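Worksheet for the structure shown next.
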Amino acid sequence: MKNYTSEQIRNVALLGHGGSGKTSLAEAMLYRCKHIDRIGKVTDGNTASDFDPEEIKRKFSISSSLLACEWKNTKINFLDTPGFFDYEGEVTAALRVAGSAVICVPAKNGVEVGTEKAVKRCRDLGLSVIFVVTKMDEENADYAKVIDELREKFGKNVQPAQLPIMDGKKLKAYADLIENKAYTYTDAAPIAMDIPENIKGEVATIWEHLKEYIAETDEELMMKFFAGEEFTHEELVTGFTAAVRAGSVMPVMCSSAINNVGIGVILDAIATYMPSPLDRLDTVMAADPETGDPVELLANDEGTFSALVYKTVSDQFGKQTMFRIFSGCLKGDATVLNTTTGKTERLASLFSLRGKVKEPVTELHCGDFGCVTKLVSTGTNDTLCDVNKPVVLDKIEFPVPNMRMAAIAASRGDEEKIGVGFAKIMEEDPTFKYENNAETHQMVIYGLGDQHIDVIKSKLKNKFGVTVSLEEAKVPYREKIKKKVKVQGKHKKQSGGHGQYGDVWIEFEPHEGDELIFAENVFGGSVPKQYFPAVEKGLQDCVKKGVLAGYPMIGLKATLVDGSYHDVDSNEMSFKVAASLAYKQLTTANPVLLEPVVHIEVTVPNDNQGDVMGDMNKRRGRVIGVDQLADGLCCVIGEVPESEVMKYATDLRAMTQGRGSYTTKFERYEEVPPFQAQKIIAAAEKDHHEE
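Structure below.
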């Protein structure tokens, strides 16, 4: 691949609802650019962007892929993103490094939840947008209906840049409103024709709206518009480009990827109307890694080099590190500093990616994407920069995984392999987490949804050769007593020779903290001082398992008040055992089970507020309040037992059609209701019996 300057680069995220045709559109564009010799199909598992074995098996995108295309002296870096919400982290990373977006909307289904979320994200980030109405070849495709839906949802600045001309149910030609001409489609190039009479009125109406938006981009154009003068072709293109880049117009185009129809004109629109990296930013803000002070870098080739690693692909053969340059330029065999680790890395060979195909390049300019292999100390979200000017770029804010499951090794001795596999998967997927929970003795994994976790399980088997089963993660319950008791623990054993003798009276009572408090109030030497530590140690061992269901005992104060000893048979072990015997009598101190309660904030459309609040009550939760947000959203704030929201990600998605999101954080422990406690105790007894 030849070198492209910053002015020649376009960085475009492909967004849309799951199944909206993003990957198929990308495939058709690769074919139109002559990078592939035939158009692959998602259903056949042979597309350039869905090359991961899991994507081929499941027939949908799981991770974003970079597709570098060369079109008419322009390099377009497409970021094909997943549409399913379990892989939201991939979309988040792509939008952090993209400069514009193509949002796919299927001609039959129209505007879906994924469309709404994509537009909101782009507006929040100030990205230029082109809508592409896909699958115009399908039965019941309705371009006009989609236009109406887009305008109703996103405003009047949604403007068609094309009108399809149909031959029955087949897309025959299109009217280009900027060129004011119609074109028939061929594999080679569009052939110009006159606009059919039956759509001239519609074209004229749309054209008047477009001229108004174009006029608003320049004072001279505004004066010509009010004077009723016609714009020159150059003025039209310049004004329309300015309107698209400013976000005052979101043009709509159409295509049939499977038939390779309308692809070239979309590529032309991206190359002409979408901003280059130089159009997006003059400077980029970073931070000094030592002080945190802001640092301003020139966002061009003259600036000091800085790049953000937005994605890592890791397997048993090594890893690929993908980055976007935000300032300066980069040449092969360069040595750069990773300010996250503080280590230098040598970038031996630079590549431009087209799916899994790596094309060597000698240099990369500001705004371009690159890939290197075999970096030792670099991962996703790291900043690579000039060794003489360390800076840190703003990191990608990945969604926090809240759904958790326990992974159980299928074969004994696989635990270490599983840990290594999970660690490598974490390198390429920051929305996945795992931990070895010392309390529950489970390997707990966290994901964004059940599909996400199932893919992780499958990847572990296919990439690293180890199998796990999944079950619900155990909840870290606690136990506590509610009343004060005084009990005796007496250990006496005679087996010939020296025996064992320890006798203690201990007052147990609850206190507000979590830790065990041990005190002594012994008079007259009934228990010698040298045995006090043994009594405390015995109790410290005991509180790891409560008397109800074996969960840790918290908030316990123990005061040694009396006892007895034997000159010959007493020893530390005897008093440890005596303390444990006293502890077992806490069943008389009204012990209760406690459960973790989390603070939860659920962001949903206002229409779903009542459903979420009612559902939270069913989960034994309490609604604390509701905050009204922008864009018709609200945040329901509450507290709910952790056990009731283990799979809330899936339930909330179903309740809100994917529009809802939530965060949780641990708040405190509360007493479990008696009817619920009985079930937990019975389940714990069953587990202990099986062990």
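Under our numbering, the first residue of the sequence shown is numbered 358, with each subsequent residue one higher. Think of the CB as a built atom: it goes at the ideal place given N, C-alpha and C, for glycine as much as any other residue. Bear in mind that the values here come from a model prediction, so they are computed numbers and not experimental data.
Three or more beta-carbon pairs drawn from the stretch 823 to 834 and the stretch 750 to 769 are found closer than 8 Å, and the two stretches are therefore classed as touching. Residue 916 and residue 955 have their alpha carbons spaced roughly 33 Å apart. Membership of residue 1010 in the alpha helix (DSSP H) is indicated by the continuous run 1005 to 1013.
Counting only residues of its own chain and dropping the five nearest sequence neighbours on each side, residue 439 has a CB closer than 8 Å to the CB of 375, 417, 418, 419, 420, 421, 447, 448. Residue range 485 to 491 is occupied by the beta strand (DSSP E) that includes residue 487.
As the crow flies, the alpha-carbon of residue 461 is around 10 Å from that of residue 469. The alpha carbon of residue 458 has as its nearest neighbour, out of 473, 687, 488, the alpha carbon of 488. The beta carbon of residue 400 lies closer than 7 Å to those of 416 in the same chain, with the five residues before and after it left out. Using a 10 angstroms sphere on the CB of residue 796, the tally of other CB atoms stays under 16, which defines it as exposed. Annotation for residue 930: the continuous alpha helix (DSSP H) segment containing it runs 929 to 940.
Listed as beta-bridge partners of residue 875 by DSSP are 915. Contact annotation: the stretch 907 to 923 touches the stretch 841 to 861, with at least three C-beta pairs closer than 8 Å. When secondary structure is reduced to three states using DSSP, residue 823 falls in the coil class, being assigned neither helix nor strand. The alpha-carbon of residue 388 is positioned some 15 Å away from that of residue 378. Non-local beta-carbon contacts of residue 1018 in its own chain, meaning distances under 6 Å to residues more than five positions away in sequence, involve 960 in chain order. When DSSP reads this structure, residue 859 sits in a beta bridge with 848. In the DSSP assignment, residue 550 falls within the beta strand (DSSP E) that extends over 548 to 550.
The Cβ atoms of residue 498 and residue 519 do not sit closer than 8 Å to each other. Comparing alpha-carbon positions, the option among 559, 560, 540 lying closest to residue 551 turns out to be 540. Residue 578 is not a Cβ neighbour of residue 584, given a cutoff of 8 Å.
Excluding the 5 residues flanking it on each side, residue 368 has same chain C-beta neighbours closer than 6 Å at 434, 455, 456, in chain order. Fully enclosed alpha helix (DSSP H) runs of no fewer than 4 residues occupy 500 to 511 of the stretch 496 to 570, in order along the chain. Within the DSSP bridge table, the entry for residue 437 names 371, 422 as partners.
In this structure, the CA atom of residue 702 is about 22 Å from the CA atom of residue 659. From the listed residues 362, 390, 402, 359, the smallest Cα separation to residue 380 is found for 402. A distance of 8 Å or more separates the beta carbons of residue 807 and residue 862. 8 Å or more divides the Cβ of residue 580 from the Cβ of residue 511.
Following the DSSP letters along the chain, one finds residue 974 inside the alpha helix (DSSP H) bounded by residues 966 to 975.
Sequence-distant partners of residue 1041 (beyond 5 residues in either direction) whose C-beta falls short of 7 Å from its own C-beta, in its chain, are 906, 907. DSSP assignment within the stretch 570 to 605 yields no whole beta strand (DSSP E) run of 3 residues or more. DSSP lists 654 as the bridge partner or partners of residue 641. Only exposed fits residue 870, as fewer than 16 other CB atoms lie within 10 angstroms of its CB.
Excluding sequence positions up to five before and after residue 972, its CB lies within less than 8 Å of the CB of 1008, 1012, all in the same chain and listed in chain order. Comparing alpha-carbon positions, the option among 568, 603, 595 lying closest to residue 586 turns out to be 568. Per DSSP, residue 783 is one residue of the alpha helix (DSSP H) stretching across 772 to 785. Bounds of the beta strand (DSSP E) holding residue 990 are 990 to 998.
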